[in-house]
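Trainee: Using mature numbering (1 follows the signal peptide of the UniProt record, and there is no 0), the letters of the sequence shown map in sequence onto residues -25 to -1, 1 to 174.
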Amino acid sequence: MKLLKNLKLLAALVGFCSFLLPAHAGVIKSGDAVKISLKGVPASEQVKVDGEYRVRDSGNIRIPIINVNIQAAGKTPEQVERNIEAAFKAAEIYTSPTISLQVIEGEKKMIQMVLSVGGQVKKPGRVQYREGMTLAEAIQQAGDRTPFASKYLYLTRKNKEGKLMRYKYDFKEPKSQTLLVFPNDVITVPQRGGIIDRG
């Protein structure tokens, strides 16, 4: 009887603790926005992965370069970090990648899921970001380029240290059009015949 009484007391305590803790404390959910950073690889490779992603309704995140879906919903950030690192190693792309994942919370989640497209596009302004969006798709969301647009464009993005970096791309090249963009990126399409076309 004493054992049964103790078991009932233990069950009551567990139930009470469960009531105090959020149901998904520390666990990623579908619809969450997460920030992923890649270290241990050249900076030119980091920019291809670093950015913010939304966890799909299916519960996974599509990781660029390896193009693999990693299950995130129901797991902790640390578990997802290790799984992404393992996926890169399995693909034999990077030997010692280090992944950092942070869940973006609250209103900041929605604010950061946009990017800006300006210059010689038909509808300059903010563009709603979606996971896996390419440079060409972002330009299309801005109404496409005008007839006066240069074939070159600038992509401005913050690196992990918070410093703004500007990259120049030839939009006519297929690899530029399929380049992944991320929330808070700034795309600028200059007018044809300017300094960007001369150098």
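Positions of the beta carbon are idealized from the N, C-alpha and C atoms, including for glycine.
How many angstroms separate the CA atom of Ala113 from the CA atom of Pro122?
Mentor: 17 Å
Trainee: Roughly how many whole angstroms lie between the Cα atoms of Ile68 and Gln116?
Mentor: 32 Å
Trainee: Determine, using beta carbons only, whether Leu90 and Pro17 come nearer to each other than 8 Å.
Mentor: no
Trainee: Might you give, ordered along the chain, the residues of its own chain that have their beta carbon closer than 6 Å to the beta carbon of Gln166, omitting 5 neighbours on each side?
Mentor: Gln95, Phe123
Trainee: Could you tell me how far apart the beta carbons of Ala62 and Arg29 are, in whole angstroms, since I believe they sit closer than 8 Å?
Mentor: Contact flag wrong, Cβ pair sits at about 19 Å.
Trainee: Which residue spans inside the stretch 71 to 112 form an unbroken alpha helix (DSSP H) run of at least 4?
Mentor: 83 to 86
Trainee: Can you have a look at Tyr104 and say buried or exposed, based on whether 16 or more other CB atoms are within 10 angstroms of its CB?
Mentor: buried
Trainee: Any beta-carbon of chain C closer than 8 Å to the one on Ala111?
Mentor: Looking at the structure shown, chain C is missing, and only one protein chain is on hand.
Trainee: Evaluate Pro72 with the Cβ neighbour count: other Cβ atoms within 10 Å of its Cβ, from every protein chain shown; 16 or more gives buried, anything less gives exposed.
Mentor: buried
Trainee: So, Ala47 versus Ile3, is the Cβ gap smaller than 8 Å?
Mentor: Going by beta carbons, Ala47 and Ile3 fall inside the 8 Å limit.
Trainee: Helix, strand or coil: which one does DSSP assign to Arg120?
Mentor: Strand, per DSSP.
Trainee: For Lys23, which of Ile40, Thr51, Gln152, Met88 has the nearest alpha-carbon?
Mentor: Ile40
Trainee: Determine the burial state of Ser33: buried for a count of at least 16 other Cβ atoms within 10 Å of its Cβ, exposed for fewer.
Mentor: exposed
Trainee: I'd like the ranges of any beta strand (DSSP E) spanning at least 3 consecutive residues and lying wholly in the stretch 11 to 65.
Mentor: 26 to 29, 35 to 38, 43 to 46
Trainee: Per DSSP, Ile162 is paired with what?
Mentor: In the DSSP secondary-structure assignment, Ile162 is bridged to Val92, Leu130.
Trainee: Report the residue from Gly137, Leu110, Ile36 whose alpha carbon sits nearest the alpha carbon of Leu76.
Mentor: Shortest Cα-Cα distance from Leu76 to any of Gly137, Leu110, Ile36 involves Ile36.
Trainee: Given that a residue counts as buried once 16 or more other Cβ atoms are within 10 Å of its Cβ, and exposed if not, what is Val156?
Mentor: buried
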